[in-house]
Structures are given as C-alpha cells and as structure tokens.
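For reference, the structure discussed in these notes is given below.
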Amino acid sequence: MFAPPKCSKERDVPLPSSVTEALRVHMDTFKPVEITLPWRKPDGPKVSARLLFTNTAGWIVWRSNFNIQEWKPALTVAGLIPDASEDGKYESAREHGMHALRHFYASVLLDAGESIKAVSQYLGHTDPALTLRVYAHLMPSSQERTRRAIDSVMQN
Numbered sequence: 001m002f003a004p005p006k007c008s009k010e011r012d013v014p015l016p017s018s019v020t021e022a023l024r025v026h027m028d029t030f031k032p033v034e035i036t037l038p039w040r041k042p043d044g045p046k047v048s049a050r051l052l053f054t055n056t057a058g059w060i061v062w063r064s065n066f067n068i069q070e071w072k073p074a075l076t077v078a079g080l081i082p083d084a085s086e087d088g089k090y091e092s093a094r095e096h097g098m099h100a101l102r103h104f105y106a107s108v109l110l111d112a113g114e115s116i117k118a119v120s121q122y123l124g125h126t127d128p129a130l131t132l133r134v135y136a137h138l139m140p141s142s143q144e145r146t147r148r149a150i151d152s153v154m155q156n
C-alpha cells in the first residue's frame, strides 16, 4: 500500500539541480520500476508509481531493511558507529538514524538563510513555531546581517 508520509500530508519540496542530475545518472544505471498498489488503505484505489530505488529483487525498499543492509554499514565505513557485533546487530542511536537526514536538510536550509516558514512547509509542520522549537539551535547567528541591514538604511 502507498500512503502519504507522517500525518497524511503530501509535500512539494524544491528539487535542486544537483539532485536532479544525480537522479538522472542513477536512472540511467538503474531503470525505474513501475508498480501498482492500493492508495492509503489496503482496499483503497490502485495507484501506479515508478520506484527510483528498489531492492535487489526490483521491489520496494523497506526502511527497516535499508537501515540494516545499507545505512548502518555506511555509518560504520564513515567511522560514525562501530562495526556490527558478532550477532550482526549494529549500535542503535537516534542521532545516527535515517531521521538524521531530515535534521541535516533543515540545518542546511536554515544555515543558508531560508525562512523558517519555508523550512516548516518543506518538513510538513503545520505550525512554523514547531519548526522553531525543534531547529532554532541550528539557525546561524544573525548579528552581522543585522548590522549590515541597519548600516544600509542609515548610509542611504
């Protein structure tokens, strides 16, 4: 079954040209796979979509499998977490989970000066105040920008 992400909200997020190009290269190597599944609920209307990322069988990549087979080993290679234990399990830490990519995305946008309202919309938050509470510590200091703004007005 397909369903919108958390809170059943669909989102439109600007796709940078660098990501567009990386996806083109990926799609040249790994052709998208069209699948048809119910929408929102098991007996919902059938909807077709093209998967850009598939497992080795050409089917849906489940988050839990991706986490164990791809994400955790990549974190190990990067030196962020230790190797898997003898039973094949990796260290579990929230700060190293896939959700960290969401925080990375938000921090990059905020550091680049994107508005809190826009970041809130891209993350699917219903209220920018929530985004501020969660991500305010990531926002860059604005003292120098404040000085330049006032200097600009006063010098003109």
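Using the working numbering, read the sequence shown as starting at 1 and increasing by one per residue. The beta carbon of each residue, even a glycine, is placed where N, CA and C say it ideally should be.
For the putative contact between residue i and residue j, defined by C-beta atoms under 8 angstroms, what is the C-beta separation to the nearest angstrom?
| i | j | result |
| --- | --- | --- |
| Ser48 | Ile60 | Wrong, their Cβ atoms sit about 13 angstroms apart, outside the cutoff. |
| Arg102 | Leu123 | 7 angstroms |
| Ala3 | Arg40 | 5 angstroms |
| Leu52 | Leu23 | 7 angstroms |
Under DSSP, the alpha helix (DSSP H) around residue i begins and ends at which residues?
| i | result |
| --- | --- |
| Glu21 | Ser17 to Thr29 |
| Lys117 | Ile116 to Leu123 |
| Arg94 | First-last for Arg94: undefined, no H or E at that position. |
| Asn65 | Arg63 to Phe66 |
| Lys9 | Taken as a continuous stretch (DSSP letters only), Lys9 belongs to no alpha helix (DSSP H), as it is neither H nor E. |
| Ala74 | Lys72 to Val77 |
| Leu132 | Pro128 to Tyr135 |
Give the straight-line distance between the Cα atoms of residue i and residue j, rounded to the nearest whole angstrom.
| i | j | result |
| --- | --- | --- |
| Ala129 | Tyr135 | 10 angstroms |
| Gln155 | Gln143 | 18 angstroms |
| Leu75 | Arg133 | 28 angstroms |
| Gln121 | Met98 | 20 angstroms |
| Gly44 | Ala84 | 40 angstroms |
| His165 | Val119 | The shown model of the chain, from 1 to 156, leaves out residue 165, and the question about it has no answer. |
| Leu162 | Ser18 | Shown here, the chain extends from 1 to 156; a query on residue 162 therefore has no answer. |
| Thr131 | Arg148 | 26 angstroms |
| Ile150 | Lys89 | 55 angstroms |
| Ser152 | Glu95 | 41 angstroms |
Residue i lies in the beta strand (DSSP E); which residues open and close that run?
| i | result |
| --- | --- |
| Pro42 | Pro42 -> no beta strand (DSSP E), and no H or E assigned at all. |
Cβ atoms of residue j and residue i: under 8 angstroms apart, would you say?
| i | j | result |
| --- | --- | --- |
| Leu138 | Ala106 | yes |
| Pro82 | Glu91 | yes |
Report yes or no: do the region 26 to 35 and the region 7 to 18 share at least 3 C-beta pairs separated by less than 8 angstroms? no
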